[in-house]
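These notes concern the structure reproduced below.
2 protein chains.
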Amino acid sequence: MDLLDLHPAPERDRRWMQIAYEEALRAAEEGEVPVGAVVVAGSRLLGRGHNRTETLQDPTAHAEMLAITAAANTLGSWRLEGASLYVTLEPCLMCAGAIFLARVKRLTYATPDPKRGVLGSVIDVSGHETLNHHTEVEAGPMSEECSALLKTFFEKLRKDARSDRD
Amino acid sequence: MDLLDLHPAPERDRRWMQIAYEEALRAAEEGEVPVGAVVVAGSRLLGRGHNRTETLQDPTAHAEMLAITAAANTLGSWRLEGASLYVTLEPCLMCAGAIFLARVKRLTYATPDPKRGVLGSVIDVSGHETLNHHTEVEAGPMSEECSALLKTFFEKLRKDARSDRD
Chain A
7 MDLLDLHPAP ERDRRWMQIA YEEALRAAEE GEVPVGAVVV AGSRLLGRGH NRTETLQDPT
67 AHAEMLAITA AANTLGSWRL EGASLYVTLE PCLMCAGAIF LARVKRLTYA TPDPKRGVLG
127 SVIDVSGHET LNHHTEVEAG PMSEECSALL KTFFEKLRKD ARSDRD
Chain B
7 MDLLDLHPAP ERDRRWMQIA YEEALRAAEE GEVPVGAVVV AGSRLLGRGH NRTETLQDPT
67 AHAEMLAITA AANTLGSWRL EGASLYVTLE PCLMCAGAIF LARVKRLTYA TPDPKRGVLG
127 SVIDVSGHET LNHHTEVEAG PMSEECSALL KTFFEKLRKD ARSDRD
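Protein chains in written order, with the working numbering: chain A, 7 to 172; chain B, 7 to 172.
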């Protein structure tokens, strides 16, 4: 499917990560930890999502999960073979598992997650031959923007918590 | 919440695993890999689910995920603190991650999964201090029944595949 995409790789990656970033902005507007994700195949956007755990009160409603389910709905198949997933933050255990199960070909994340990331930060399951048969993992563009968005969000959260105490 | 449950532990575990097993039977009837799960708190069933990846064409629709989302809906909260999850098969990366995120207190599984299980079989993430703050993991009752159900399912699948080739 990648043959359909004639953009050079860095431009292509930046374009898709920009859309994932816009999803993260939406999450921030909704008071959610700002993480966004898209699933694409070639030049086609198959699914997008942003973190909605608080809005839905559902611990499984991470950006990647919603983007994967949306993409599977678009294709009418749970097998996202050949697809790429772009996400603004390094995936957690749950999301990495879902990405591997969905047979995503290529995963690009913008910024590492030292608290929950399982693709190099806390542990690295990406190279485990039994757990991951399909997915190549890469660090992607827009690390600073995606990281700054999270930092601003958590600073505001702490500030609001202090105001509540005063 | 466990104080509300006056059944002795082995009887209680068997009773809940029996309901998870009945969910697995439903999955088998629907042509799905037969796995079932329930989330409970004390004597209250909060959510139940069985594997529906083929029916929904959604790679995230594992039994545990559906049971967790159902339980969060019942409680109106993504925090399943104090709750127990019973599942017929050792969880995969995705489901273990979801169980940890949901702050499930106690996870009981019936039979190990040598292909995907991440609580002892392929790897063991249950004791990782950064990834799991809340969940105690135990092997539970009905291992033979839950294992036999999976074995029968995969034998039939292979037999059907051979018939298709003949």
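Note that beta-carbon positions come from the ideal geometry of N, C-alpha and C, so glycine has one too.
Asked, Found
"When the distance is taken between beta carbons, is G103(B) closer than 8 Å to A73(B)?", "no"
"Using a Cβ-Cβ distance under 8 Å, would A104(A) count as near chain B?", "yes"
"How long is the line joining the alpha carbons of T114(A) and E35(A), rounded to whole angstroms?", "24 Å"
"Check whether the region 124 to 139 of chain A and the region 131 to 140 of chain B touch, using three or more Cβ-Cβ pairs below 8 Å as the test.", "yes"
"Mind pulling the chain B residues with CB within less than 8 Å of L137(A)?", "L99, R122, V124, V128 and I129"
"So within the region 73 to 99 of chain A, which uninterrupted alpha helix (DSSP H) runs reach at least 4 residues, ignoring any that extend past its ends?", "none"
"Evaluate F106(A) with the Cβ neighbour count: other Cβ atoms within 10 Å of its Cβ, from every protein chain shown; 16 or more gives buried, anything less gives exposed.", "buried"
"Select from the region 60 to 73 of chain A all residues with a C-beta closer than 7 Å to any C-beta belonging to chain B, and list them in chain order.", "Q63, D64, P65, T66 and M71"
"Quick check: the region 164 to 171 of chain B against the region 39 to 54 of chain B, are at least 3 beta-carbon pairs closer than 8 Å?", "no"
"Let me make sure I understand the geometry here. Which of L86(B), H68(B) and S49(B) has the alpha-carbon closest to that of R122(B)?", "H68(B)"
"State whether the region 13 to 23 of chain B contacts the region 153 to 168 of chain A, with contact taken as three or more CB pairs (one from each stretch) at a distance under 8 Å.", "no"
"With DSSP run on the structure shown, which of helix, strand or coil describes T158(B)?", "helix"
"Please return the same chain residues whose Cβ sits closer than 8 Å to the Cβ of F159(A), not counting the five positions on each side in sequence.", "A34, V39 and P40"
"Decide if T94(A) is buried, meaning its Cβ has at least 16 other Cβ atoms within 10 Å, or exposed.", "buried"
"Let me check understanding here. Comparing Cα to Cα, which of E29(A), P16(A) and R18(A) lies closest to L155(A)?", "E29(A)"
"Taking A78(B) as the query, report the chain C residues whose CB atoms sit under 7 Å from its CB, ordered along the chain.", "In the displayed structure, chain C is absent; the protein chains listed are A and B."
"Answer yes or no: does any C-beta atom of chain B fall closer than 8 Å to that of G195(A)?", "In the structure as shown, chain A begins at 7 and stops at 172. Residue 195(A) is therefore absent and cannot be evaluated."
"Which chain A residues are close to T75(B), counting only those with a beta carbon under 9 Å from its beta carbon?", "L62, D64, P65, T66 and A67"
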